[in-house]
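To start, the structure under review is shown below, and the notes come after it.
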Amino acid sequence: MPAQRLTLVIAAHNEAMALPMLHPRLCAVLDGLDGIEGGIVYVDDGSTDATWQVMLDLAATDSRVGVLRLSRNFGKEAALTAGLDRVDDGAAMILDADGQDPPELIPEFVALWQQGYDNVYGTRLVRDGEGWLKRSTAATFYRVIGRLSRTPIPADTGDFRLLSPRALQALGQLRERHRFMKGLFGWVGFKRKALPYHRHARMVGNSKFGLWKLWNFALEGITSFSTVPLRAATYLGLATASAAFLFGVWVIVKAALYGDRVAGYPTMMVVILFLGGVQLIALGLIGEYLGRLYEESKQRPLYLIDTWQAPFVADSALHPIGGEQRDDHGTTAVGRQVP
Ligand code: UDP
Ligand code: MG
91 MPAQRLTLVI AAHNEAMALP MLHPRLCAVL DGLDGIEGGI VYVDDGSTDA
141 TWQVMLDLAA TDSRVGVLRL SRNFGKEAAL TAGLDRVDDG AAMILDADGQ
191 DPPELIPEFV ALWQQGYDNV YGTRLVRDGE GWLKRSTAAT FYRVIGRLSR
241 TPIPADTGDF RLLSPRALQA LGQLRERHRF MKGLFGWVGF KRKALPYHRH
291 ARMVGNSKFG LWKLWNFALE GITSFSTVPL RAATYLGLAT ASAAFLFGVW
341 VIVKAALYGD RVAGYPTMMV VILFLGGVQL IALGLIGEYL GRLYEESKQR
391 PLYLIDTWQA PFVADSALHP IGGEQRDDHG TTAVGRQVP
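Throughout, this note's numbering is defined as the position within the sequence shown, counted from one, plus 90.
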């Protein structure tokens, strides 16, 4: 039986310091895997530091390394998609470039894969090096999305996971532009299994996800996987309308009993401001969904590739993408054609 293949996909944005520290750890783990041919695909997500050069150097010394450079920074989700799209054989495993997802656990993921699980995901027990604000907002987010979404999105679970060939194939068919990967992995289904682990602090550098970016990320998650907020707007509208009706009855009865002395400026202001606020919130909500619909309708590719060099290729020539090869982009990724 030919060896099964496992490709580690690592998206990096300005990780020139971290990659040289991560790579030996990955190699040590891959060397120790029995009966599995391990490869690595590093994706440079529009880095402005020496990340790409570092990747090229790693690829030059190790034939297991494939390198992919996007034409600009597309964000982690698109970068991961680009990397996963290049895996056309065997399973794939996603890790962060900063060493927060310990590569030493890979054999445990592989063991579960070999037991028949398709989606083995790391669940964080402890998160080192992250402030209470990040931890508590993350915890709240997972609770909220867990309630709002019908797709199972396990709590405290990031992108650190192994996908079997069929899960990977299925994921490749989801080409939406607004990619909330944690949800997409869950949407795919198949046999899944959590693997608890201790999340360490970053080896070097700073997190690329500040609070504002995380907030937007949360909005992305909720709007991609739930329409509950839209329905909530309906109920909120119904509730205010009922309250307004009761208030109206009271105003009429009061006027009938005591006459109308043209008072009530404060109540009027309160009602106008309240209703105005509620309407704006509801409009904003609809706007969030509409905006996403607009983005999707443009059908732009998810990412564009600058250079791609596959792992395990004999001639190590780089293949710049452009001109005639323009079809090699996100919508019709090589080896993963959308039906
Ligand atoms: N990353 C990326 N593109 C981006 C931002 C981040 O590919 O636009 C990568 C980054 O290099 C790292 C991973 O995504 O490998 C996670 O980022 P980070 O460690 O900054 O996030 P955190 O662990 O703090 O949530
Ligand atoms: Mg990190």
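Ideal Cβ placement from N, Cα and C applies to all residues, glycine included.
Discussion item. Using a Cβ-Cβ cutoff of less than 6 angstroms, which residues in the same chain neighbour R115 once the five nearest sequence positions on both sides are dropped?
Written reply: Its chain contains P193 as the residues whose beta carbon lies nearer than 6 angstroms to that of R115, once the 5 sequence neighbours on both sides are disregarded; these appear in chain order.
Worksheet item: Under the rule that 16 or more other beta-carbon atoms within 10 Å means buried, what is S406, buried or exposed?
Response: The predicted model places S406 with a pLDDT of 48, which falls under 50 and marks its position as unreliable; any figure quoted below should be read in that light. Flag for S406 reads exposed.
Worksheet item: Going by the beta-carbon positions, is the gap between R289 and R214 smaller than 7 angstroms?
Response: Yes, Cβ-Cβ distance for R289 and R214 is below 7 angstroms.
Worksheet item: What residues come near the ligand UDP, if near means a beta carbon less than 5 angstroms from any of its heavy atoms?
Response: Checking every Cβ against the heavy atoms of the ligand UDP under 5 angstroms gives A101, A102, H103, E105, D135, G165, K166, A169, D186, A187, D188, S297, K298, F299.
Item to complete: Mind the definition here: the segment 384-403 touches the segment 263-270 only if three or more C-beta pairs lie below 8 angstroms; say whether that holds.
Response: Cβ pair count under 8 angstroms is three or more, so yes.
Discussion item. Three or more C-beta pairs under 8 angstroms: does that hold for the segment 237-246 against the segment 355-364?
Written reply: Flag = no, the segment 237-246 and the segment 355-364 do not touch.
Discussion item. Please report the distance separating the alpha-carbon of E220 from that of T141.
Written reply: As the crow flies, the alpha-carbon of E220 is around 24 angstroms from that of T141.
Worksheet item: Helix or strand or just coil, what does DSSP make of V177?
Response: V177: coil per DSSP, three-state reduction.
Worksheet item: Would the beta-carbon of Q190 be found less than 6 angstroms away from any heavy atom of the ligand ATP?
Response: What this structure holds is the ligand UDP and the ligand MG, not the ligand ATP.
Item to complete: Under 8 angstroms by Cβ, that's how I've got D134 and L158 pegged, so tell me the actual separation to the nearest angstrom.
Response: About 7 angstroms separates the two Cβ atoms, so the contact holds.
Worksheet entry | Same chain, Cβ closer than 6 angstroms to I471, neighbours up to 5 away in sequence not counted | Outside the modelled stretch of the chain, which goes from 91 to 429, sits residue 471, for which no answer is possible.
Item to complete: Select from L304, L109, L375, D175 the residue whose C-alpha is nearest the C-alpha of I395.
Response: Residue D175 is the option with its Cα nearest to I395.
Fill in: Check: R214 C-beta below 6 angstroms from any heavy atom of the ligand MG
Distances from the CB of R214 to the heavy atoms of the ligand MG are all 6 angstroms or more.
Worksheet item: With respect to the beta strand (DSSP E) encompassing I395, which residues constitute its N-terminal and C-terminal limits?
Response: From DSSP, the beta strand (DSSP E) with I395 extends over 395-399.
Worksheet entry | Cβ neighbours of G279 in the same chain (closer than 7 angstroms, five flanking residues each side left out) | Taken in chain order, the list of residues that qualify is empty.
Worksheet item: Which word fits V341, buried or exposed, when buried means at least 16 other C-beta atoms lie within 10 angstroms of its C-beta?
Response: Exposed: under 16 other Cβ atoms inside 10 Å.
Discussion item. Among A372, Q369, F337, whose alpha-carbon lies nearest the alpha-carbon of T357?
Written reply: Ranked by how close their Cα comes to the Cα of T357, the residues A372, Q369, F337 have F337 in first place.
Item to complete: Alpha carbon to alpha carbon, how far is T151 from Q399? Give it in angstroms, no decimals.
Response: Taking the straight line joining both Cα atoms gives about 14 angstroms.
Worksheet entry | Distance cut-off 6 angstroms: R292 Cβ against heavy atoms of the ligand MG | Closer than 6 angstroms to some heavy atom of the ligand MG: that describes the Cβ of R292.
Worksheet entry | Nearest-angstrom Cβ-Cβ length linking T475 and G212, presumed shorter than 8 angstroms | Past the edges of the chain, shown from 91 to 429, lies residue 475, and the structure says nothing about it.
Fill in: Cutoff 7 angstroms; reference P110; Cβ partners in own chain excluding five residues on either side
Hits under 7 angstroms: V144.
Worksheet item: With a CB to CB cut of under 8 angstroms and the five nearest residues on each side skipped, what residues in its chain are close to G393?
Response: Looking at the sequence provided, one finds Tyr at residue 393 rather than Gly. Excluding sequence neighbours, Y393 sits near L160, S161, F164, A168, A169, T171, A172, H419, G420.
Item to complete: Throw me the rounded Cβ distance for the L123 and R154 pair, which I believe falls under 8 angstroms.
Response: In this structure L123 does not touch R154 by the C-beta definition: roughly 12 angstroms separates them, more than the 8 angstroms allowed.
Worksheet item: What is the DSSP secondary structure of A291, reduced to helix, strand or coil?
Response: DSSP places A291 outside both helix and strand once states are collapsed to three, so it counts as coil.
Item to complete: Determine the extent of the alpha helix (DSSP H) in which V368 is found, giving its start and end residues.
Response: 355-387 is the extent of the alpha helix (DSSP H) around V368.
Worksheet entry | G295 beta carbon less than 7 angstroms from that of M107 | Closer than 7 angstroms, so yes.
Worksheet item: Would you say T241 and G273 are within 7 angstroms of each other, going by their C-beta atoms?
Response: For T241 and G273, yes; Cβs fall inside 7 angstroms.
Worksheet item: Where do the ends of the alpha helix (DSSP H) carrying A308 lie?
Response: In this chain, the alpha helix (DSSP H) harbouring A308 covers 301-315.
Worksheet item: With 16 as the cutoff for other CB atoms within 10 Å, does A177 come out buried or exposed?
Response: Per the sequence shown, the amino acid found at residue 177 is Val instead of Ala. Burial state of V177 is buried, judged by a 10 Å Cβ sphere holding 16 or more other Cβ atoms.
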